[in-house]
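Chains as they are written, first to last, in this note's numbering: chain A, -4 to 353; chain B, 448 to 874.
For glycine and all other residues, C-beta sits at the position ideal for the given N, C-alpha and C.
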């Protein structure tokens, strides 16, 4: 009824090619953005920011990054945690070396440094594919974590080996440290997520994205029709690591404030982000966000229901959490192997015909 | 999906609502994950002591104690979530039982005005209360532990350890790295050689470290381990036939859970402690009567008298005494977190006080002041007797080498103050 193309006429190619061609979809997108930017900052509190929204936004950026590499370019990576660590440590070194520079620049530079590191570790992907590449990126994961633990220069020779974010502000508003207001940290991360989403979306439907998908679908065929595999794979690694690096920088500086590389950026993190991408849907920007939301919000909700409402012992709830999240992941992937994004697509197809399906 | 979940979460938050007006204590425990074996007894002891006060005395100063438990799994992100989720209840004190979470929370509790007690863990330089106003780490800290371990080795060797080799096996995290600086300083003073062997989280894989120990044959091994890492390390030491009485663990590597899996081989293993062990105390009679037999014990109720249960109980006892002190200072029984902070800073533990509580000679006597949030650094050595199935105290309480530690603490805390723009001061 509402959700269809009928009567929505396009008079230019630009209009025809927009991300949300259906009017209802477009307005819904604007509404979500308006709520996120104009309403949420006014009602947000510390708990919502630090327990739910910041992790969601940051993991959202990371999973968009991994989706570019794994979902669009078909290169499986288990090095996400390590690349997030590169972003975090780059951000830390920049923050402490140039305290007067804006955090926006630091975070973007941290992403850039991660992109360079990502390309370096992506070079083997020209020779090795599939599972073998996954193992090579796994090596990156372990090497990077070891490096940041091993070389004291990265953590400014602090006795504990931890890095902690000093207070920094953007346009006079504190953005890191314990005194930063939650609306500011939220908006800061939201801006990066929105930009990441828009950039990724537009890259993936342009020439670059098409060459990634060609490589993903059949690399030999892609090479024959003139896609340069070196350029395609390296750009995918660069863009992916750029986003993952930004996520790592935000994860450290805005969200946690102090991290220990082995705990915060270990192999679990790589798997977590990979699960987000798989559950959300490979090759979909919306899927990245849905996967991130699923894996960040669900444990918190289960905890709230179990402990605060039902009053169960915390250990039982923690164990149930593992069982329920695990069972849901399996159920989801059995019922819908292409993830939440595909579920969403099916719903949209149905909505188009509703309420007259024949 | 997303909106539905958000709505659900919102509903859950609404229903959870604010807690009733009691004195709230947050217990950030971990009963799951690779550190659960150590997290469970501590949390049980911590909660049971407050339950005892509620059941026997009707709370503290007539105020019921409300314990909010939050599961962290020893994970920093969950720890932050717990902190954000509980700080609305105006808790009197945080006891995170994780050095990683402590580092995370130091700036947060300072900004929000909550006191935090880190009993024998956390950031050592928090001892300097002029810089760390809200953080307390009495009665002993990691550097005290390292120093006392070296003192014990000195005693064993007749006062001269020049040229001896000492290896440190440590959890490769902020926690495990804490003693390195002290051990290096002490190496300069006493002339021993220190070798460092990090073990990565969670610590199940230690073959290469122990191979190295087997090859280098250090005279003593000191361990900074936690959770499953302890059990694995002790088993590996048994496997390479390392002399167990030359293997000294920090107090977090000295619970029954750590030595039992290695069986008889673990006999003679040593660990530090800053409080007494065993269950031969009058308070345990009350504990059995009011808590265990009444079915109100936390967890499975089977941890009474274990080392870590005692430590949890000790932490709760210190918190309860600080609440009493704070109530006296504030002149009201309903104290705020800020008043609790003042109470902790004025806390004085004496022999008479401990005897009156049913815990005679349980821990060292100490007095907290603004300049000293960390007590006097007394610790003793215990040794595992596999036949008896219990630890035994083999030394008296020894004071750490304050000559070496005081300047280190001064230096580290001042560096923190400078980094974070804090003006040290006691007013």
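Residue i vs residue j beta-carbon contact at 8 Å
{"i": "residue 582/B", "j": "residue 593/B", "result": "no"}
{"i": "residue 471/B", "j": "residue 537/B", "result": "yes"}
{"i": "residue 177/A", "j": "residue 170/A", "result": "no"}
{"i": "residue 683/B", "j": "residue 657/B", "result": "yes"}
{"i": "residue 654/B", "j": "residue 692/B", "result": "no"}
{"i": "residue 579/B", "j": "residue 860/B", "result": "yes"}
{"i": "residue 601/B", "j": "residue 608/B", "result": "yes"}
{"i": "residue 695/B", "j": "residue 596/B", "result": "yes"}
{"i": "residue 109/A", "j": "residue 232/A", "result": "no"}
{"i": "residue 517/B", "j": "residue 498/B", "result": "no"}
{"i": "residue 842/B", "j": "residue 827/B", "result": "yes"}
Residues that residue i contacts on chain A, provided the C-beta gap is smaller than 8 Å
{"i": "residue 790/B", "result": "None at all; the shortest Cβ gap to chain A is about 23 Å."}
{"i": "residue 659/B", "result": "What residue 659/B touches in chain A: nothing, since even the nearest Cβ is about 16 Å away."}
{"i": "residue 495/B", "result": "What residue 495/B touches in chain A: nothing, since even the nearest Cβ is about 14 Å away."}
{"i": "residue 555/B", "result": "173, 252"}
{"i": "residue 648/B", "result": "257, 258, 261"}
Where the alpha helix (DSSP H) containing residue i begins and where it ends
{"i": "residue 513/B", "result": "Segment 512 to 518 is the beta strand (DSSP E) holding residue 513/B; no alpha helix (DSSP H) there."}
{"i": "residue 20/A", "result": "18 to 29"}
{"i": "residue 624/B", "result": "621 to 637"}
{"i": "residue 141/A", "result": "125 to 145"}
{"i": "residue 117/A", "result": "98 to 117"}
{"i": "residue 331/A", "result": "Note, residue 331/A: premise wrong, no alpha helix (DSSP H); not H, not E."}
{"i": "residue 555/B", "result": "546 to 559"}
{"i": "residue 214/A", "result": "214 to 219"}
{"i": "residue 826/B", "result": "Taken as a continuous stretch (DSSP letters only), residue 826/B belongs to no alpha helix (DSSP H), being part of the beta strand (DSSP E) at 825 to 832."}
{"i": "residue 497/B", "result": "483 to 499"}
{"i": "residue 699/B", "result": "From DSSP, residue 699/B is part of no alpha helix (DSSP H); its letter is neither H nor E."}
{"i": "residue 741/B", "result": "Segment: none, residue 741/B is in no alpha helix (DSSP H) and carries neither H nor E."}
{"i": "residue 671/B", "result": "No alpha helix (DSSP H) holds residue 671/B; the beta strand (DSSP E) holding it covers 667 to 671."}
{"i": "residue 229/A", "result": "224 to 245"}
{"i": "residue 61/A", "result": "49 to 61"}
Residue i: contacting residues in chain A (beta-carbon distance under 7 Å)
{"i": "residue 619/B", "result": "144, 257"}
{"i": "residue 527/B", "result": "45, 251"}
{"i": "residue 558/B", "result": "173, 174"}
{"i": "residue 547/B", "result": "255, 258"}
{"i": "residue 511/B", "result": "Within chain A, no residue comes near residue 511/B; the closest Cβ sits about 17 Å away, beyond 7 Å."}
Distance cut-off 7 Å: residue i Cβ against heavy atoms of the ligand GTP
{"i": "residue 695/B", "result": "Annotation note on the ligand GTP: not contained in the displayed structure, which lists no ligands."}
Per-residue contacts from residue i into chain B (C-beta, under 7 Å)
{"i": "residue 157/A", "result": "550, 621"}
{"i": "residue 356/A", "result": "Any question about residue 356/A goes unanswered here, given that chain A covers just -4 to 353."}
{"i": "residue 400/A", "result": "Residue coverage of chain A in this structure runs from -4 to 353, which leaves residue 400/A outside it and unanswerable."}
{"i": "residue 41/A", "result": "531"}
Partner residues on chain B for residue i, Cβ-Cβ distance less than 8 Å
{"i": "residue 353/A", "result": "Those do not exist, as residue 353/A stays about 28 Å from chain B at its closest Cβ, beyond 8 Å."}
{"i": "residue 154/A", "result": "624, 625, 627, 628, 859"}
{"i": "residue 161/A", "result": "866, 867"}
9 Å Cβ cut-off: residues of chain A touching residue i
{"i": "residue 662/B", "result": "Simply none; closest approach about 21 Å."}
{"i": "residue 523/B", "result": "251, 253, 254, 255, 258, 259"}
{"i": "residue 768/B", "result": "Ordered by position in chain A, no residue passes the 9 Å Cβ test against residue 768/B, which lies about 26 Å from the chain."}
{"i": "residue 591/B", "result": "By Cβ distance, chain A contributes nothing, its closest Cβ being about 16 Å from residue 591/B, past 9 Å."}
Endpoints, beta strand (DSSP E) assigned at residue i
{"i": "residue 729/B", "result": "Note, residue 729/B: premise wrong, no beta strand (DSSP E); alpha helix (DSSP H) at 729 to 733."}
{"i": "residue 640/B", "result": "640 to 646"}
{"i": "residue 476/B", "result": "470 to 476"}
{"i": "residue 613/B", "result": "612 to 618"}
{"i": "residue 840/B", "result": "837 to 840"}
{"i": "residue 719/B", "result": "717 to 720"}
8 Å Cβ cutoff, residue i in contact with chain C
{"i": "residue 531/B", "result": "Any reference to chain C falls outside this structure, whose protein chains are A and B."}
Sufficient close CB pairs (3 or more, under 8 Å) joining the segment 55 to 64 of chain A to the segment 264 to 277 of chain A: yes
Inset, instruction - Taking a Cβ distance cut-off of 9 Å, strictly less, list which residues of the segment 730 to 744 of chain B are near chain A, in chain order. - result: none
For the 8 Å Cβ check, are there 3 or more pairs between the segment 30 to 46 of chain A and the segment 216 to 225 of chain A? no
Could you tell me whether the segment 770 to 780 of chain B touches the segment 497 to 515 of chain B, where touching means 3 or more Cβ pairs closer than 8 Å? yes
- Query: With contact counted as at least three CB pairs below 8 Å, one residue from each stretch, are the segment 127 to 137 of chain A and the segment 238 to 250 of chain A in contact?
  - Reply: no
What are the residues of the segment 215 to 242 of chain A that lie near chain B, defined by any Cβ-Cβ distance shorter than 7 Å?
-> none
Using a Cβ distance threshold of 8 Å, determine whether the segment 278 to 295 of chain A contacts the segment 91 to 98 of chain A, with at least three qualifying pairs required. no
For the segment 284 to 310 of chain A, which residues have a CB atom closer than 9 Å to at least one CB atom of chain B, in sequence order? 284, 285, 288, 289, 292, 293, 294, 295, 296, 298, 299, 300, 302, 303, 304, 308, 309, 310
Check: Are the segment 196 to 211 of chain A and the segment 81 to 91 of chain A touching by the rule of at least three beta carbon pairs closer than 8 Å?
Finding: no
| query | For the segment 29 to 37 of chain A against the segment 172 to 186 of chain A, are there 3 or more C-beta pairs whose distance is under 8 Å? | reply | yes
For the 8 Å Cβ check, are there 3 or more pairs between the segment 190 to 201 of chain A and the segment 59 to 71 of chain A?
-> yes
On the three-pair Cβ rule with 8 Å, is the segment 839 to 854 of chain B touching the segment 619 to 639 of chain B? yes
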